[in-house]
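S.K.:
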Amino acid sequence: MSQRPDWYSRLEAQPFKQNKMTQEKIRLIEMELKNKRSTFRRVVPLMGITVAGVLLAGIFTLNLDKTWSFISNWNSVQRSSLTQSTPQKQDQLPEVVQNEAVNYPPRNKVFENQDQLPVNEKVKAEFIQKMAYSYQNIKSLRGKAQTNINSVSSTVEFQIREGKNPASYEVVTQPNGTINEYINDNHYMLEQTNGKEDRVTKVGSRNPEMEPRTTFVSTASDGIPSYYLPIDPAWSRNAQDIVSPLRNMGFMVVDLNLWSFKGEDMLVARKTKLIEGELPSYQKQKGSSVTYKIWVDDETGMLLKKQFYDKNGNIVETFEVTSIEINPILDDRIFEIPDEKLKQMDQTAKHMMATSPQMMAGDFTVPDLMSAKWEEAKNNRQQTTTIPFNHDWYIIPKEGYLVNYIKVNGNTGTIVMSPTTKGLVPAVAKNYKLNEMKIEYEK
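All the letters of the sequence shown, read from the start, carry residue numbers 146 to 588 under our numbering.
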């Protein structure tokens, strides 16, 4: 299954104390050295680094040999999982990310009538807002998390950069030792398995200063609700559960009476609010989970832990952050995708486009041989119409619905339709080699 007054405050790094040598001091020294190099965009000789270290000696007492060793090994520590595909540059200090200030737009409300809700429901709605926009309360994030679904456990290491130039980096280690790596620079996504099987895909660039102005829940005149839930601008994958948790916890807005606050708790040395709830009926039908608990960071709204339980109280699924750093200094190169990978993208994308199942919605051209049936279906939307053509399925949704996703079981597919207040949104399921396509409507 697979949110004011202080909610809106930005987190700032802890004050730097100069009483003794720390890892943070080393990082700051490294930044100083890097800044002196970046002007010339070349490698400064070791003598220059020594001089810079001497200039700082009035403030800090340190062993320069140890400091240089630390700097030289920085990249291998930061990107240990990339060593198979990207040579380490021992003569170059890492680029330090400079997060530009972001003018986030006003936060969307959860409900159209949020200001008129009873006090207890209004508090819950504002809490959901806080969760949904938790990424706005941080500049960067680094840490680890553990996932466990049906007793299968995986480890997630993540680094996220928010701000005007959002990006994300994740490494997922499976129980069998398989390592999946994901890099997103807000233009492209690189996926690797054990350093091989590269796939680069283009993603829609996100501008965090622009967002549709709509409530999370909108209801049309016919009473059918539609939903808009904020997504992490950095396109994080598993870590989206942390910085944009409502994307996978959207059921919390369905009925505010199904969940409640159960006190406070400490997790990874951070104060959290504990929430317990029951899943809506439609969500229960999707799996064995019936109840859940979540631990939400009190300061930022980030989700630090969630657990789902079956009817007997047994844990079905867990996601838990095991370590976390808020607003750390990140190595800019962690988010870079090598040029040679981008050059391969066009050829790979064309092949995948021609052979892989995919969904398209909106405006597209239909084959001439089926244009008459297509126009007829558009004029008769009392039911969902599917028109098979070669290995593609052209879909005209029933009035008040749009295509959400397709489930496949053997040679049979099921188109899952979601309620919407939008007009006609036709779709085509390409490269689905199926004998039958069924229709299922979500409530």
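By construction, the Cβ of each residue, glycine as well, lies at the ideal position given by its N, Cα and C atoms.
Just so it is clear, the structure is predicted and the values come from calculations on it, not from any experiment.
(1) Span of the beta strand (DSSP E) holding SER313?
(2) Measuring only the C-alpha atoms, how far is VAL255 from ALA270?
(3) Relative to the C-alpha of ARG287, which residue among PRO320, ILE294, SER381 and GLY340 is closest?
(4) Could you tell me how far apart the beta carbons of PRO425 and ASP400 are, in whole angstroms, since I believe they sit closer than 8 Å?
(5) Using the beta-carbon count (16 or more within 10 Å), is LYS588 buried or exposed?
(6) Express the C-alpha separation of VAL345 and ASN331 in angstroms, rounding to a whole number.
(7) Using only the alpha-carbon positions, how far apart do LYS289 and LEU374 sit?
(8) Is DSSP giving GLY395 helix, strand or coil here?
(9) Can you confirm whether the region 446-457 touches the region 305-313 when touching is taken to mean that 3 or more C-beta pairs between the two stretches lie within less than 8 Å?
(10) Are there 16 or more other CB atoms within 10 angstroms of the CB of PHE599, so buried, or fewer, so exposed?
(11) Apply the 10 Å Cβ neighbour rule to GLN527 and answer buried if 16 or more other Cβ atoms are within range, or exposed otherwise.
(12) Looking only at DSSP bridge pairs, what is SER363 linked to?
(13) Identify every residue that forms a DSSP beta bridge with GLU465.
(14) Measure the CB-CB distance between THR529 and LYS543 and report whether it falls below 8 Å.
(15) Any idea what DSSP makes of TYR249, helix, strand or coil?
(16) Is DSSP giving TRP213 helix, strand or coil here?
(17) Looking only at its chain, what residues have a beta carbon closer than 7 Å to the beta carbon of SER501, apart from the 5 residues adjacent to it on each side?
(18) Could you name the residues of the same chain whose beta carbon sits closer than 6 Å to that of GLN319, not counting the 5 residues immediately before and after it, in chain order?
(19) CB PRO378 to CB TYR280, shorter than 8 Å?
(20) Give the secondary structure of ASP410 by DSSP, where H, G and I count as helix, E and B as strand, and everything else as coil.
(21) Distance, Cα to Cα, THR559 vs TYR546?
(22) When the Cα of SER285 is compared with those of ARG392, ALA384 and LYS416, which residue comes out closest?
(23) For LEU227, I'd like the list of residues in its chain whose CB is within less than 6 Å of its CB, leaving aside the five on either flank, ordered along the chain.
(24) Going along the chain, which residues of its own chain have a beta-carbon closer than 8 Å to the beta-carbon of THR467, five neighbours each way excluded?
(25) Output the boundary residues of the alpha helix (DSSP H) element that contains PHE272.
(26) So, with DSSP's three-state summary, where would you put TYR427?
(27) If you measure between the beta carbons of THR417 and ASP442, is that distance less than 8 Å?
(28) From what residue to what residue does the beta strand (DSSP E) around VAL435 run?
(29) Between the region 400-410 and the region 427-435, do at least 3 Cβ pairs fall closer than 8 Å?
(30) Going by DSSP in three states, PHE480 sits in which element: helix, strand or coil?
(31) Tell me which residues share the same chain as GLU465 and place their Cβ nearer than 7 Å to its Cβ, disregarding the 5 neighbours each side in the sequence.
M.R.: Taking the coordinates as given:
(1) 312-318
(2) Using only the alpha carbons, I get a separation of about 6 Å.
(3) The residue among PRO320, ILE294, SER381 and GLY340 with its C-alpha nearest the C-alpha of ARG287 is SER381.
(4) 6 Å
(5) exposed
(6) Rounded to whole angstroms, ASN331 to VAL345 spans 12 Å at the Cα level.
(7) 25 Å
(8) helix
(9) no
(10) Nothing can be reported for residue 599, as the shown portion of the chain is limited to 146 through 588.
(11) exposed
(12) SER371
(13) GLN291 and LYS450
(14) yes
(15) coil
(16) Residue placement at TRP213 is flagged as unreliable, the pLDDT there being 36, under the threshold of 50; a coordinate-derived value is accordingly withheld.
(17) ASN576
(18) Excluding positions up to five away in sequence, the list reads SER299.
(19) yes
(20) Strand.
(21) 15 Å
(22) ALA384
(23) Because LEU227 sits at a pLDDT of 34, beneath the cut-off of 50, its placement in the model cannot be relied upon, and the following sentence gives the value as read from the coordinates. Result list for LEU227: empty, nothing under 6 Å.
(24) For THR467, same chain residues with a beta-carbon under 8 Å away, outside a window of 5 residues either side, are GLY288, LYS289, ALA290, GLN291 and VAL413 in chain order.
(25) 264-277
(26) In the three-state reduction of the DSSP assignment, TYR427 falls in the helix class.
(27) Yes, these two residues count as a Cβ contact at 8 Å.
(28) Where VAL435 is concerned, there is no enclosing beta strand (DSSP E), given that its DSSP letter is neither H nor E.
(29) With a cut-off of 8 Å, the region 427-435 and the region 400-410 do not count as touching, because too few Cβ pairs lie within range.
(30) helix
(31) ALA290, GLN291 and LYS450
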